[in-house]
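Numbering (UniProt numbering), first residue to last: 1 to 483.
Below: one structure, written as structure tokens.
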Amino acid sequence: MSTENDGPRGAHRLRRLAAVAVWPVVLLALPVAGAVIPNTMQYVVALGHGPGGGRDLALIRAAGLALPALLVTLPIAAVLVRRVRACLVVVAGVAGVLAGTLAVEAVDTVWQAGVARAAQGAGAGLILPATLALVWDRRNPAFTAAWAGTLTAVLMMAMPPALRAVPLGDTPGEDAWREVLQPYPGYTAFALAVAVVGGFVLARARSTLPTMRHTERTQLLLPLAPAAGFAALAVISTYGWRPETQLLVAGLAFAALLGLALVGSRDRDTGSPFGSAVAFLALGLLAFPVAAPLTGLLGATHGPQDIPLWPFACGGAASVLGALASVRLAHRGARGVVAAGHGLAIIAVLLFLTVDAGSAHWLLAVPPVLLGGGLGLALAASLRDAGPGAALFGLTLCLPAVLTGQIAVSSLQSLQLRRLGLITTQEQLLYGLTSGYRVWLIAAGVLSVLLLGVVARLAAPHGAHGATGRRNRPRQAAGRGSG
Numbered sequence: 001m002s003t004e005n006d007g008p009r010g011a012h013r014l015r016r017l018a019a020v021a022v023w024p025v026v027l028l029a030l031p032v033a034g035a036v037i038p039n040t041m042q043y044v045v046a047l048g049h050g051p052g053g054g055r056d057l058a059l060i061r062a063a064g065l066a067l068p069a070l071l072v073t074l075p076i077a078a079v080l081v082r083r084v085r086a087c088l089v090v091v092a093g094v095a096g097v098l099a100g101t102l103a104v105e106a107v108d109t110v111w112q113a114g115v116a117r118a119a120q121g122a123g124a125g126l127i128l129p130a131t132l133a134l135v136w137d138r139r140n141p142a143f144t145a146a147w148a149g150t151l152t153a154v155l156m157m158a159m160p161p162a163l164r165a166v167p168l169g170d171t172p173g174e175d176a177w178r179e180v181l182q183p184y185p186g187y188t189a190f191a192l193a194v195a196v197v198g199g200f201v202l203a204r205a206r207s208t209l210p211t212m213r214h215t216e217r218t219q220l221l222l223p224l225a226p227a228a229g230f231a232a233l234a235v236i237s238t239y240g241w242r243p244e245t246q247l248l249v250a251g252l253a254f255a256a257l258l259g260l261a262l263v264g265s266r267d268r269d270t271g272s273p274f275g276s277a278v279a280f281l282a283l284g285l286l287a288f289p290v291a292a293p294l295t296g297l298l299g300a301t302h303g304p305q306d307i308p309l310w311p312f313a314c315g316g317a318a319s320v321l322g323a324l325a326s327v328r329l330a331h332r333g334a335r336g337v338v339a340a341g342h343g344l345a346i347i348a349v350l351l352f353l354t355v356d357a358g359s360a361h362w363l364l365a366v367p368p369v370l371l372g373g374g375l376g377l378a379l380a381a382s383l384r385d386a387g388p389g390a391a392l393f394g395l396t397l398c399l400p401a402v403l404t405g406q407i408a409v410s411s412l413q414s415l416q417l418r419r420l421g422l423i424t425t426q427e428q429l430l431y432g433l434t435s436g437y438r439v440w441l442i443a444a445g446v447l448s449v450l451l452l453g454v455v456a457r458l459a460a461p462h463g464a465h466g467a468t469g470r471r472n473r474p475r476q477a478a479g480r481g482s483g
């Protein structure tokens with residue numbers, strides 16, 4: 001019997017099996033990365049559960065090292081996933097997060113806690129681009145849109161579970177602060193097991209990603225130096241810097257990120273016809289930095305354990321649905337869909353101004369739904385006709401934007417608290433935090449309008465530079481960089 005066609009048929013079966021196997025890996029790994037981002041140690045210290053002995057402030061700084069470590073790792077990982085199997089990078093990333101989580105049990109000093117958190121951040125920095133490469137290699141627009149929606153949902157929903165993990169009680173134990181440094185070890189171990197099993201299937205499927213060009217590698221590494229510098233400044237600024245100075249750092253970081261997005265958008269390898277780099281930038285600036293402070297206000301009012309989860313869960317669901325909705329739209333309408341998504345996000349930011357920690361739960365759900373749906377829709381639509389280099393480049397800008405927004409909102413809240421003078425009641429504290437948050441929302445709304453204008457400019461027909469011609473270029477030989 002002839003087996004001449006067994007090879008092609010076998011390869012096709014592997015591709016179909018890989019298309020099924022990729023989703024358990026991605027859907028479990030992305031929340032692992034998202035759980036690393038929040039730093040809730042300040043809430044632990046505020047409740048009197050820190051280590052004491054003058055180490056509380058140092059421990060807050062150490063717990064905040066995860067996001068800077070993620071920023072530095074991300075551009076390197078974006079290049080790595082184009083050179084080695086992305087499934088291996090996912091396994092390494094989840095293993096890194098798990099190692100950092102388990103290491104917390106052996107932590108005796110503040111610097112060791114910082115190392116553990118940095119390991120978690122580095123692992124998350126490997127997970128994000130690797131999951132994107134895995135999904136992109138399936139060459140299915142619905143898969144890419146689902147990944148975009150899931151990432152948006154993860155950023156929208158990262159803070160509420162993290163705050164709920166804050167230990168309560170008058171005597172929770174001298175090591176209770178370790179709990180917030182161990183984001184879900186059981187879940188992370190399960191995600192690692194699934195990634196290993198799924199990796200066996202994914203590693204057998206042939207990658208269809210094009211070989212990475214030298215110029216693409218250069219562009220993907222372009223954000224590394226600014227990200228490293230910004231991460232260092234973010235850490236240094238916690239050592240007694242005035243809020244005004246921290247706010248200046250955030251402003252300069254945003255300007256640098258926007259400049260990188262514009263430069264990358266005009267490049268042949270990292271550009272896209274619908275401004276995906278700017279869409280990633282908007283996602284990072286708005287999703288976590290807008291949703292997380294509201295969670296903090298709810299926790300300060302009702303207590304961490306009584307934070308309502310379902311308004312943010314609705315926002316996460318809207319993120320996925322909005323992203324998937326972009327798949328059903330005609331290609332010629334993608335430009336308008338991107339603009340509509342950004343417009344929804346702007347409306348959502350304005351609606352956040354109308355709610356506070358005392359609002360009814362149903363009212364709290366409206367802004368997250370619009371924000372998640374708008375950001376998910378804009379990101380998924382912006383990835384239409386983009387190449388893998390464009391998607392990875394945009395991702396390297398997304399997480400620095402998260403840190404930018406975090407620094408901005410915390411600085412504005414600190415300024416408002418300082419203007420109030422001596423704070424003696426919980427009501428005064430809540431008023432100051434809410435006032436600073438609303439100033440941030442106004443600033444975020446202005447920046448959102450700016451980003452919408454940039455997207456409209458980049459996505460204009462005459463601005464459809466070489467990236468739009470990517471569809472018509474012959475596909476390069478497949479490399480090793482995914483699967």
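Even for Gly, the Cβ is constructed at its ideal location relative to N, Cα and C.
Source: prediction; values computed, not measured.
Contact check for L281 and L451: beta-carbon distance about 7 Å, within the 8 Å limit, so the pair qualifies. Here W111 is exposed: its Cβ has fewer than 16 other Cβ atoms, across all protein chains shown, within 10 Å. The residues L30, P31, A33, G34, G316, in chain order, have a CB closer than 8 Å to that of V154 in the same chain once the five nearest residues on each side in sequence are set aside.
Residue environment analysis places H214 among the exposed positions, since fewer than 16 neighbouring C-beta atoms fall within 10 angstroms of its C-beta. Cβ neighbours of Q219 within its own chain (closer than 8 Å, five residues either side excluded): G264, D267, D269, T270, G389, F393.
When secondary structure is reduced to three states using DSSP, A386 falls in the coil class, being assigned neither helix nor strand.
The beta carbon of A203 is closer than 6 Å to those of R85, C87 in its chain, skipping five residues each way along the sequence. Remark: C-beta atoms of T295 and M212 do not approach each other more closely than 8 Å. Distance from the CA atom of P243 to the CA atom of V327, rounded to whole angstroms, is 43 Å. Residue nearest to V91 within the set L126, L102, A63 is L126 (criterion: CA-CA distance).
Within its own chain, the residues whose Cβ lies closer than 6 Å to the Cβ of A318, once the five positions on either side in sequence are excluded, are V369, G372, G373, listed in chain order.
In the same chain as V194, and ignoring 5 residues on each side of it, the C-beta atoms closer than 7 Å to its own belong to P24, V25, L28, in chain order. By the Cβ neighbour-count rule, A360 is exposed, with fewer than 16 other Cβ atoms within 10 Å of its own.
V449 and C398 have their C-alpha atoms roughly 17 Å apart.
Between the region 217-236 and the region 64-78 there are three or more inter-stretch CB-CB distances shorter than 8 Å, so the stretches are counted as touching. In chain order, A148, A279, L283 place their CB closer than 6 Å to the CB of L379, counting only its own chain and leaving out the 5 sequence neighbours on each side. One thing to note: M156 has its Cβ no nearer than 8 Å to the Cβ of A18. Using a Cβ distance threshold of 8 Å, L353 and L285 do not count as a contacting pair. In the assembly as shown, W362 is an exposed residue. Its beta-carbon has fewer than 16 other beta-carbons within 10 Å. Judged by DSSP in its simplified three-state form, Q406 adopts helix. Between A357 and L298, the C-beta gap is smaller than 8 Å, which places the two residues in contact.
With respect to A21, L181 sits apart: the two C-beta atoms are not nearer than 8 Å. Of all alpha-carbon atoms in T131, A103, P226, the one lying nearest the alpha-carbon of Q120 is that of A103. If only uninterrupted beta strand (DSSP E) runs of at least 3 residues are considered, none is enclosed by the region 230-268. Taking C-alpha positions only, L134 is separated from G421 by approximately 52 Å. Less than 8 Å separates the beta-carbon of L375 from that of T152. Note on geometry: alpha-carbon atoms of R82 and S435 lie some 45 Å from one another.
Collapsing the DSSP output to three states places I423 in coil. By the neighbour-count criterion, in which 16 or more other beta carbons inside 10 Å mark a residue as buried, R16 falls on the exposed side. The Cβ-Cβ distance between G275 and V349 does not fall below 8 Å. In this structure the region 298-307 does not touch the region 406-415; the number of beta carbon pairs closer than 8 Å is below three. For the 8 Å CB-CB criterion, L260 and P223 form a contact.
With a cutoff of 8 Å on beta-carbon distance, V36 and V97 are scored as near each other. Between A325 and the set R438, R13, R384, A227, the nearest pair of CA atoms involves R384. Note on the region 145-205: whole alpha helix (DSSP H) runs with a minimum of 4 residues are 159-164, 185-204, in chain order.
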